[in-house]
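**Q** Below you will find the structure I want to go over with you.
Residue numbers (the numbering used here): 13 to 152.
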């Protein structure tokens with residue numbers, strides 16, 4: 013009902029995780045009203061923050077992935093459905109501004125519901141950010 017595929021801790025606890033593969037499946041479809049491509053674009057537009065980032069975090073007290081990782085995942089989905097620049101460019105700029113001095117992006121934490129297991133997602137976030145920014149990036 014929210015326009016996404018839901019979230020589960022197994023999939024980084026973010027609805028952005030499934031967007032990229034789904035959008036890849038819809039690539040080439042027209043953006044007619046009610047199409048999956050159109051729905052994804054509408055959902056992306058209504059959930060993007062004023063700062064250009066996507067952050068689907070909930071204050072649950074559990075470890076969560078970062079807005080940088082979620083934004084990179086959303087950018088990959090948007091690239092597949094040829095999103096308008098008004099969505100992509102602010103997200104690219106915001107993502108570039110969050111790159112750390114050592115070149116990585118902070119990924120937050122894998123949200124496994126366990127007190128004994130901790131896993132940072134910086135490597136995954138950095139890889140996804142590089143993929144998201146490498147193709148036709150007008151913000152660079």
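Note that CB positions come from ideal geometry on N, CA and C, so glycine has one too. Note that the coordinates shown come from a computational prediction; the quantities given were computed from them, not determined experimentally.
Report back the beta-carbon spacing between residue 140 and residue 84 to the nearest angstrom; my notes put them in contact at under 8 Å.
**A** 4 Å
**Q** Have a look at the DSSP bridge pairing and note the partners of residue 121.
**A** Residue 121 pairs with 132.
**Q** Express the C-alpha separation of residue 136 and residue 118 in angstroms, rounding to a whole number.
**A** 9 Å
**Q** Can you say whether residue 31 is buried or exposed, counting buried as having 16 or more other CB atoms within 10 angstroms of its CB?
**A** buried
**Q** Of all the options 78, 47, 68 and 93, which has the alpha carbon lying nearest to the alpha carbon of residue 157?
**A** Given that the chain is displayed from residue 13 to residue 152, the structure contains no residue 157 and the question cannot be resolved.
**Q** In whole angstroms, what separates the C-alpha of residue 75 from that of residue 120?
**A** 7 Å
**Q** Is it buried or exposed, residue 109, if we count other Cβ atoms within 10 angstroms and call 16 or more buried?
**A** exposed
**Q** Indicate whether residue 101 and residue 52 have their beta-carbon atoms separated by less than 7 Å.
**A** no
**Q** What residues are listed by DSSP as bridge partners for residue 77?
**A** 120
**Q** With a threshold of 16 other CB atoms inside 10 Å of the CB of residue 35, please say whether the residue is buried or exposed.
**A** buried
**Q** Could you have a look at residue 34 and say whether DSSP puts it in helix, strand or coil?
**A** helix
**Q** Can you grab the Cα-Cα spacing for the pair residue 96 / residue 87, in whole Å?
**A** 11 Å
**Q** Spatial neighbours of residue 132 within its chain, please: CB distance less than 7 Å, with the 5 preceding and 5 following residues excluded, ordered by chain position.
**A** 119 and 121
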